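A.B. asks: Please see the structure below; I have some questions.
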Ligand code: GLA
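In the working numbering, the protein residues as written are 1 to 737.
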């Protein structure tokens, strides 16, 4: 190994080091997770925390045993895959009912292996029950550059007779022992996504979950922060940040035990889901992705965002397209001419793409002129759009923008031809009064025929009018507006408790096929606003819609919340007419912090507003590599002050963008200077205020001047004002020495 790469390997924590023979070390940069095979052959966590410099020091750690230490099976320790039926009386990682009815499982270590994966190392530890032919492999993918670990379990068996039933299944457990634990959770509802609140955890369990079936969130999101010894802070303190990659029913359980230790479990939600696993089939728990930061939430977020861009998010390293959407402008009421006009507006604005939303499909009595009909009938509405998709693509081409289209293919309105033909393709129970959510039902994705149909929706659209197979649809907005209702899968028959898991895997099968066959079509996830925001779906999607709430003030909170776990590149933010009291500049500056789009009619704007928008779009496109690919520093929280600020810095720290907002400052509120972060202290930066309304000049003290990075980070700038809903965008460019 050359000296340079040896030093790099050491600094990334990749070096091979002596450990005691029965220890397994998962190295994620500044964090190590050390596991030990006990004399009883079971697997225990001996360390999860700051990486020790000398790895042989781990052999000095004893494992955390509460009672009995005679080496017998009666030890209760920090068992990574503690199972129901054993001597551990707290929440188990795995609960299995065996084919003979026994509810007890003991997993012992068999072997483990590691392999290189892009960006890190995957360790697979194979465990098995010695009495029953049940095998569980524990997977840990560690990404040293980003201090991130992604863990999951895979369960399989060979109990031929009746198979086994999984009563619950989590990813491997994590244990933490500190003086106190403070949970920050992210609650949600339509238009109120990613709202943060904190509480101290005391003895007992805190469970957060969803049972929506088809989407990750409605009332809670699949991520949490855990401040250790103090409430999680932005720039200091130890915080565990974890997220479950599941688009369906997930659960995390945080349990403080009798000895004051906290166990962290993340996995499937076992409610109504005791999974009947046939012999030979592998059951995989959702990935649990986590990072342990000792520099607060800010560093944890930057690590997760960087990891996601590089290793998780679809096309995470590719640029994104700005767009104009027609939803709030036209709702269901448009025709070819109107859309062609909007495409021209998109071109005038300078965005990359025009996105046609809901309402373009369904015919005759099933025409989609409201949310009551048409879902499932993915044929263009001949009255509104006689030329079909090819004419729309032609119009977009003529206008000089790309074309994208909305679909919601996992759903069906009972008022549709699809439902009339295939009532058994919907999840719904015959013989009962049907409960409709948004007047629609969820298709039974456990059924492979339905999966083919849903995949076919995309395939047909992409080949429509393109005999050479070279599709002209560049973008899909894939919606999912209803949770699963009327829980009954006609396909699964007597195996109804497998519904949620099999349904979800059916959804993933379709996502996978679409991505494999159409790698160049960008895809936005949407779910009645921000109901789909998880790292399993984001393997297949380039971005997600954060919320139908586009009031810029509300968006400051919503985007602040999602930014804890997701990169700006994945977060769609559109300028709309919500909160007309806010200027077009304020609305656009808020959306410019993320993946920029518009959903408004240009004809209602003044000339100055239109000019402003054009320059804001061109600035955003020019600065996309800083905003979407740079490191994000959250500087002022809207939860704590009447202002908000974030800066983004590119990789070599030569270019940065600062967004600063006044929300509703109090009368004569004293203002403070804003210290920037992430800059090169030794470099000099030219400060320029951009996104100014035509005819106005920057009132920023120091505009067009040069400051050192050191000054900007220690002294800062007076960017805030006492005016409500005002914003400032500053571009910082390193000046050559
Ligand atoms: C959902 C989405 C909206 C829009 C409508 C169309 O509510 O969140 O953005 O696409 O569906 O029906």
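Glycine is no exception: its CB is placed at the ideal position from the N, C-alpha and C atoms. The structure presented is a predicted model; accordingly, all values stated were derived computationally and were not measured.
Could you tell me if the beta carbon of residue 370 falls within a distance shorter than 7 Å of some heavy atom in ligand 1?
C.D. replies: Residue 370: no, Cβ never under 7 Å from ligand 1.
A.B. asks: Rounded to a whole number of angstroms, what is the C-alpha to C-alpha distance between residue 31 and residue 293?
C.D. replies: Their backbone Cα atoms lie some 8 Å apart in a straight line.
A.B. asks: Can you grab the Cα-Cα spacing for the pair residue 580 / residue 529, in whole Å?
C.D. replies: Computed Cα separation, rounded: 20 Å.
A.B. asks: To the nearest angstrom, report how far apart residue 559 and residue 114 are at their CA atoms.
C.D. replies: Their backbone Cα atoms lie some 37 Å apart in a straight line.
A.B. asks: Check residue 713 in the structure and name its three-state DSSP category.
C.D. replies: Residue state, collapsed to three classes: helix.
A.B. asks: Are the beta-carbon atoms belonging to residue 141 and residue 268 less than 8 Å from one another?
C.D. replies: In this structure, residue 268 does not lie closer than 8 Å to residue 141 by Cβ.
A.B. asks: Would you report the Cα separation of residue 240 and residue 154, rounded to the nearest angstrom?
C.D. replies: Whole-angstrom Cα-Cα distance: 24 Å.
A.B. asks: Which of the three DSSP states, helix, strand or coil, is assigned to residue 219?
C.D. replies: In this structure, residue 219 counts as coil in the three-state DSSP scheme.
A.B. asks: Measure the CB-CB distance between residue 368 and residue 362 and report whether it falls below 8 Å.
C.D. replies: Yes.
A.B. asks: Do residue 526 and ligand 1 come close, with the Cβ less than 7 Å from some heavy atom?
C.D. replies: Because some heavy atom of ligand 1 lies under 7 Å away, the Cβ of residue 526 counts as near it: yes.
A.B. asks: Any heavy atom of ligand 1 closer than 7 Å to the beta-carbon of residue 652?
C.D. replies: No, the Cβ of residue 652 stays beyond 7 Å of every heavy atom of ligand 1.
A.B. asks: Curious, which full-length beta strand (DSSP E) runs of at least 3 residues does the stretch 394-474 contain?
C.D. replies: For the stretch 394-474, whole beta strand (DSSP E) runs of length 3 or above, ordered along the chain, are 402-407.
A.B. asks: With a floor of 4 residues, list each alpha helix (DSSP H) that falls wholly inside the stretch 479-553, ordered by position along the chain.
C.D. replies: As far as the stretch 479-553 is concerned, its whole alpha helix (DSSP H) runs of at least 4 residues are 499-517.
A.B. asks: Any heavy atom of ligand 1 within a distance shorter than 7 Å of the CB on residue 800?
C.D. replies: Given a span of 1 to 737 for the chain in the structure shown, any question on residue 800 remains unanswerable.
A.B. asks: With DSSP run on the structure shown, which of helix, strand or coil describes residue 142?
C.D. replies: DSSP places residue 142 in strand when its eight states are reduced to three.
A.B. asks: Could you give the distance in angstroms between the alpha-carbon of residue 500 and the alpha-carbon of residue 509?
C.D. replies: Looking at the two C-alpha atoms, the distance is approximately 14 Å.
A.B. asks: Verify the contact flag: residue 374, CB atom, against every heavy atom of ligand 1, threshold strictly below 7 Å.
C.D. replies: Incorrect: residue 374 has no Cβ contact closer than 7 Å to ligand 1.
A.B. asks: Heavy atom of ligand 1 less than 7 Å from the Cβ of residue 404, yes or no?
C.D. replies: Because no heavy atom of ligand 1 lies under 7 Å away, the Cβ of residue 404 does not count as near it: no.
A.B. asks: Indicate, with yes or no, if ligand 1 has a heavy atom lying under 7 Å from the CB of residue 577.
C.D. replies: Residue 577: no, Cβ never under 7 Å from ligand 1.
A.B. asks: Alpha carbon to alpha carbon, how far is residue 311 from residue 95?
C.D. replies: So the alpha carbons of these two residues sit roughly 32 Å apart.
A.B. asks: With a threshold of 7 Å (Cβ to nearest heavy atom), would residue 529 be considered close to ligand 3?
C.D. replies: Summarising the ligand content, the structure contains ligand 1 and does not contain ligand 3.
A.B. asks: Under the three-state reduction of DSSP, which class applies to residue 297: helix, strand or coil?
C.D. replies: Residue 297 falls in the helix class under three-state DSSP.
A.B. asks: Among 137, 106, 283, which has the Cα closest to the Cα of residue 166?
C.D. replies: Among 137, 106, 283, the Cα nearest to that of residue 166 is on 283.
A.B. asks: Out of curiosity, what's the CA-to-CA distance linking residue 717 and residue 675?
C.D. replies: Roughly 7 Å separates the two Cα atoms.
A.B. asks: Pull up the CB-CB distance for residue 399 and residue 344, whole angstroms please, since I reckon it's below 8 Å.
C.D. replies: Their Cβ separation, rounded to whole angstroms, is 5 Å, which keeps residue 399 and residue 344 in contact under 8 Å.
A.B. asks: Is it right to say residue 668 is buried, meaning 16 or more other beta carbons lie within 10 angstroms of its own, or is it exposed?
C.D. replies: So residue 668 ends up on the exposed side.
A.B. asks: If you drop the 5 nearest sequence neighbours on each side, which residues of the same chain put their C-beta closer than 6 Å to that of residue 623?
C.D. replies: These residues qualify, in order along the chain: 657.
A.B. asks: Applying the criterion that 16 or more other CB atoms from any shown protein chain within 10 Å of the CB defines a buried residue, is residue 608 buried or exposed?
C.D. replies: The residue is exposed, with fewer than 16 neighbouring Cβ atoms inside 10 Å.
A.B. asks: Could you tell me the distance, in whole angstroms, from the CA atom of residue 599 to the CA atom of residue 692?
C.D. replies: Looking at the two C-alpha atoms, the distance is approximately 21 Å.
A.B. asks: Scan the stretch 294-341 and note each continuous alpha helix (DSSP H) run of 4 residues or more that stays entirely inside, going in chain order.
C.D. replies: Counting whole runs of 4 or more residues, the stretch 294-341 contains the alpha helix (DSSP H) stretches 296-311, 327-330.
A.B. asks: According to DSSP, simplified to helix, strand and coil, what is residue 74?
C.D. replies: Residue placement at residue 74 cannot be trusted, given a pLDDT of 49 that sits under 50; what the coordinates show is reported in the next sentence. In this structure, residue 74 counts as coil in the three-state DSSP scheme.
A.B. asks: Buried or exposed: where does residue 128 fall if 16 or more other Cβ atoms within 10 Å of its Cβ makes it buried?
C.D. replies: Result: buried.
A.B. asks: Check whether the Cβ atoms of residue 443 and residue 404 sit closer than 8 Å, and answer yes or no.
C.D. replies: No, the Cβ-Cβ distance between residue 443 and residue 404 is not below 8 Å.
A.B. asks: Apply the 10 Å Cβ neighbour rule to residue 117 and answer buried if 16 or more other Cβ atoms are within range, or exposed otherwise.
C.D. replies: With fewer than 16 Cβ atoms within 10 Å of its Cβ, residue 117 is classed as exposed.
A.B. asks: Run the proximity test for residue 545: is its beta-carbon closer than 7 Å to any non-hydrogen atom belonging to ligand 1?
C.D. replies: Result yes, Cβ under 7 Å from ligand 1.
A.B. asks: Does the Cβ-Cβ distance between residue 550 and residue 588 come in under 8 Å?
C.D. replies: No, they are not a contact pair.
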